[in-house]
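Novice: Structure below; questions to follow.
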Amino acid sequence: MAYESSGAPDYYNIDDLLTEEHILIRQTLRDFVKREISPNIEQWAQDAHFPSEIVKKFGDVGAFGPTIPAEYGGGGLDYISYGIIMQEIERGDSGMRSTASVQGSLVMYPIYAYGSEEQRKKFLPKLASGEWLGCFGLTEPDHGSNPGGMTTNIKDMGDHYLLNGAKMWISNSPECQVAVVWAKNEEGRIKGLIVERGMEGFTTPEIHNKWSLRASCTGELVFDNVKVPKENLLPNVEGLRGPLGCLDSARYGIAWGAIGVAIDCYESARKYAMERIQFDKPIGAFQLTQKKLAEMLTEITKAQLLAWRLGTLKNEGKATTQQISMAKRNNVDMALHIAREARQIHGGMGITGEYPIMRHMMNLESVITYEGTHDIHLLITGADITGIPAFK
Numbered sequence: 010m011a012y013e014s015s016g017a018p019d020y021y022n023i024d025d026l027l028t029e030e031h032i033l034i035r036q037t038l039r040d041f042v043k044r045e046i047s048p049n050i051e052q053w054a055q056d057a058h059f060p061s062e063i064v065k066k067f068g069d070v071g072a073f074g075p076t077i078p079a080e081y082g083g084g085g086l087d088y089i090s091y092g093i094i095m096q097e098i099e100r101g102d103s104g105m106r107s108t109a110s111v112q113g114s115l116v117m118y119p120i121y122a123y124g125s126e127e128q129r130k131k132f133l134p135k136l137a138s139g140e141w142l143g144c145f146g147l148t149e150p151d152h153g154s155n156p157g158g159m160t161t162n163i164k165d166m167g168d169h170y171l172l173n174g175a176k177m178w179i180s181n182s183p184e185c186q187v188a189v190v191w192a193k194n195e196e197g198r199i200k201g202l203i204v205e206r207g208m209e210g211f212t213t214p215e216i217h218n219k220w221s222l223r224a225s226c227t228g229e230l231v232f233d234n235v236k237v238p239k240e241n242l243l244p245n246v247e248g249l250r251g252p253l254g255c256l257d258s259a260r261y262g263i264a265w266g267a268i269g270v271a272i273d274c275y276e277s278a279r280k281y282a283m284e285r286i287q288f289d290k291p292i293g294a295f296q297l298t299q300k301k302l303a304e305m306l307t308e309i310t311k312a313q314l315l316a317w318r319l320g321t322l323k324n325e326g327k328a329t330t331q332q333i334s335m336a337k338r339n340n341v342d343m344a345l346h347i348a349r350e351a352r353q354i355h356g357g358m359g360i361t362g363e364y365p366i367m368r369h370m371m372n373l374e375s376v377i378t379y380e381g382t383h384d385i386h387l388l389i390t391g392a393d394i395t396g397i398p399a400f401k
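The sequence shown: position 197 = 206 (our numbering), numbered continuously.
Structure (structure tokens):
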């Protein structure tokens, strides 16, 4: 019997490992994406337009901070639920998933995990609902893969901190109301602060002319003698452990999200291969096309199993940074390869906006680099294997 897809390839019956709640969440997000993102995303990408109205809609559907406890506005869900949400949003577009995962993993997570109770109550409900949009300030113009070299700094002025420096390639920054920023104090220790829109000396210039993540807003964070109140310091973390803990959560979401891109490319290619006639038969009848499709489905299945197992470990509190790095690297690389193969199956039509392939391919060129480059994640695994960090 020929393999039939319901729109979500499940060649190894992985749905049997999910709960009814997981499947309901997936269908809810899939319907949301079909209704709110898919009809518009090609035009948004062509116009390099970030649809700011999507922020409130993400809040309404529960896409922001789904693992944050309900008392702070989150969903109180498990990590497999979070992964499924990221998968379905990224199936629509990587830029849309970036908006959601930055908000949940890089803004809400550190405020919940490292913040005071007052900070949680002040910021988390408004971020969860989409009333506020947040961003995460770690990467600097001269410090990407080496965040410990950051030069952004704070000075203790008695009743406030004075913040100076700049951050680069920051998703959501042009539209943000809140920024979680990492800076060194006078002793050289890394601290986290919550910087709010309207603080004097805080600006967020937008980055233009991107060929990737065109429907996502990206910019800088510039701090010129910004007075940050003492109560905006995240009190419960110090050092790189803080931002790297946030990145673990975000990278986990990307490992699932990349599967969504791969599924979208595979489904489009499979459908096209069955409809496109050449030499009097569908191109899906040719051996090389079948080879491409079979390898796509195999790699998607392997990535699904990797993500599900990692989600189970996350739920048990056992997932390591190194395991998350492996999944992020593997699954994004897998998705990019599938996007390129799918483009070939589509022929010339694959470069047009009639199909999602080229948009996905361009987006993935950012995803494979941000939150740990492809090579850095390889070296994280290598350091775990050998005990010798090659990037130092």
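Quick reminder that beta carbons are idealized off the backbone N, C-alpha and C, glycines included.
What residues in its chain sit with their C-beta under 6 Å from that of Leu216, if we drop five residues either side in the sequence?
Specialist: The residue asked about is misnamed: residue 216 is Ile in this sequence, not Leu. Excluding residues within five positions, the ones whose Cβ falls inside 6 Å are Thr227, Gly228.
Novice: Quick one: complete beta strand (DSSP E) runs, 3+ long, within the region 292-357?
Specialist: None, since the region 292-357 contains no complete beta strand (DSSP E) of that length.
Novice: State the Cα-Cα distance for the pair Tyr21 and Gln96, rounded to the nearest angstrom.
Specialist: Distance between the alpha carbons of Tyr21 and Gln96: 18 Å.
Novice: Starting from the C-beta of Ser182, find all residues in its chain whose C-beta is less than 6 Å away, skip the five residues before and the five after it, and write them out in chain order.
Specialist: Excluding sequence neighbours, Ser182 sits near Cys144, Thr213, Gly228, Leu230.
Novice: Give me the Cα-Cα distance between Gly92 and Gln332, rounded to the nearest whole angstrom.
Specialist: So the two alpha carbons sit approximately 15 Å from each other.
Novice: Where does Tyr121 fall in DSSP's three states?
Specialist: If DSSP states are grouped into helix, strand and coil, Tyr121 belongs with the helices.
Novice: Measure the C-alpha to C-alpha separation of Arg100 and Gly269 and round it to an integer number of angstroms.
Specialist: The alpha-carbon atoms of Arg100 and Gly269 are separated by roughly 4 Å.
Novice: Starting from the C-beta of Gln313, find all residues in its chain whose C-beta is less than 7 Å away, skip the five residues before and the five after it, and write them out in chain order.
Specialist: Contacts found: Ile23, Ile268.
Novice: On the DSSP bridge list, what partners appear for Thr227?
Specialist: Paired residues: Ser180.
Novice: When we look at the beta-carbon of Pro78 and count the other beta-carbons within 10 Å, is it buried (16 or more) or exposed?
Specialist: Looking at its Cβ environment, which holds fewer than 16 other Cβ atoms inside 10 Å, Pro78 is exposed.
Novice: Assuming Ile200 is part of the beta strand (DSSP E), what are its boundary residues?
Specialist: Checking the sequence shown, residue 200 turns out to be Lys, not Ile. Residues 199-205.
Novice: Please find out if some non-hydrogen atom of the ligand ATP comes closer than 7 Å to the beta-carbon of Lys327.
Specialist: Of ligands this structure carries none, so the ligand ATP is not represented either.
Novice: What are the complete beta strand (DSSP E) segments, minimum 3 residues, inside the region 227-291?
Specialist: With a minimum length of 3 residues, the continuous beta strand (DSSP E) runs that stay inside the region 227-291 are 227-238.
Novice: Note down, in chain order, each residue of its chain lying with its Cβ closer than 7 Å to the Cβ of Arg129, except the 5 sequence neighbours on either side.
Specialist: Hits under 7 Å: Tyr81, Ile120, Tyr121.
Novice: Taking only the alpha-carbon atoms, compute the straight-line gap between Pro60 and Pro156 and give it to the nearest angstrom.
Specialist: When rounded, the distance between both Cα atoms is 30 Å.
Novice: Distance check for Met335 and Gly124, CA to CA, integer angstroms please.
Specialist: One C-alpha to the other measures close to 29 Å.
Novice: For Trp191, report the span of its alpha helix (DSSP H) as first-last.
Specialist: No alpha helix (DSSP H) holds Trp191; the beta strand (DSSP E) holding it covers 187-193.
Novice: Does His58 come out as helix, strand or coil in the three-state DSSP assignment?
Specialist: Here His58 sits in coil by DSSP.
Novice: Excluding the 5 residues preceding and the 5 following Tyr12 in the sequence, name in chain order all residues of the same chain whose CB lies nearer than 6 Å to its CB.
Specialist: A caution first: Tyr12 carries a pLDDT of 41, below 50, which makes its placement in the model too unreliable to give a value.
Novice: Quick one: give me the first and last residue of the beta strand (DSSP E) that Asp384 is part of.
Specialist: It is not in any beta strand (DSSP E) - Asp384 instead sits in the alpha helix (DSSP H) that spans 383-395.
Novice: Which stretch, first to last residue, makes up the alpha helix (DSSP H) that contains Ile34?
Specialist: It spans 29-45 - the alpha helix (DSSP H) in which Ile34 sits, taken as one unbroken run.
Novice: Can you have a look at Phe132 and say buried or exposed, based on whether 16 or more other CB atoms are within 10 angstroms of its CB?
Specialist: By the 10 Å Cβ count, Phe132 comes out buried.
Novice: What residue range is occupied by the uninterrupted alpha helix (DSSP H) comprising Lys130?
Specialist: Unbroken alpha helix (DSSP H) run through Lys130: 126-138.
Novice: Relative to the C-alpha of Asp384, which residue among Pro398, Asn372, Met371 is closest?
Specialist: Taking only the C-alpha atoms, the option nearest Asp384 is Pro398.
Novice: Identify, in the order they occur along the chain, each residue of the same chain with its Cβ nearer than 6 Å to the Cβ of Asn194, setting aside the five sequence neighbours on each side.
Specialist: Taken in chain order, the residues that qualify are Ile163, Lys200.
Novice: Just verifying my parser: in three-state terms, what is the DSSP assignment at Thr212?
Specialist: Thr212: strand per DSSP, three-state reduction.
Novice: Under 8 Å between the Cβ atoms of Leu387 and Ala344?
Specialist: Contact flag unset, no.
Novice: When the Cα atoms are used, what is the spatial distance from Trp141 to Leu297?
Specialist: When rounded, the distance between both Cα atoms is 49 Å.
Novice: For Ile23, which three-state DSSP category applies?
Specialist: In this structure, Ile23 counts as helix in the three-state DSSP scheme.
Novice: Could you give the DSSP three-state label for Leu171: helix, strand or coil?
Specialist: DSSP places Leu171 in strand when its eight states are reduced to three.
Novice: Classify Leu104 as helix, strand or coil using the three-state DSSP reduction.
Specialist: According to the sequence provided, residue 104 is Gly. The question's Leu does not apply to it. DSSP places Gly104 in helix when its eight states are reduced to three.
Novice: How long is the line joining the alpha carbons of Val246 and Glu240, rounded to whole angstroms?
Specialist: Going from the Cα of Val246 to the Cα of Glu240 covers about 14 Å.
Novice: Have a look at Tyr118, Glu304, Gln52 and flag the residue whose alpha-carbon is nearest the alpha-carbon of Arg349.
Specialist: Taking only the C-alpha atoms, the option nearest Arg349 is Glu304.
Novice: Tell me which residues share the same chain as Arg206 and place their Cβ nearer than 6 Å to its Cβ, disregarding the 5 neighbours each side in the sequence.
Specialist: So the qualifying residues of the chain are Gln186.
Novice: Within this structure, are the beta carbons of Ala54 and Arg223 separated by less than 8 Å?
Specialist: Yes.
Novice: Below 8 Å, how does it come out for the region 38-50 and the region 100-110: are there three or more Cβ pairs, yes or no?
Specialist: Because the criterion of three Cβ pairs below 8 Å is met, the region 38-50 and the region 100-110 touch.
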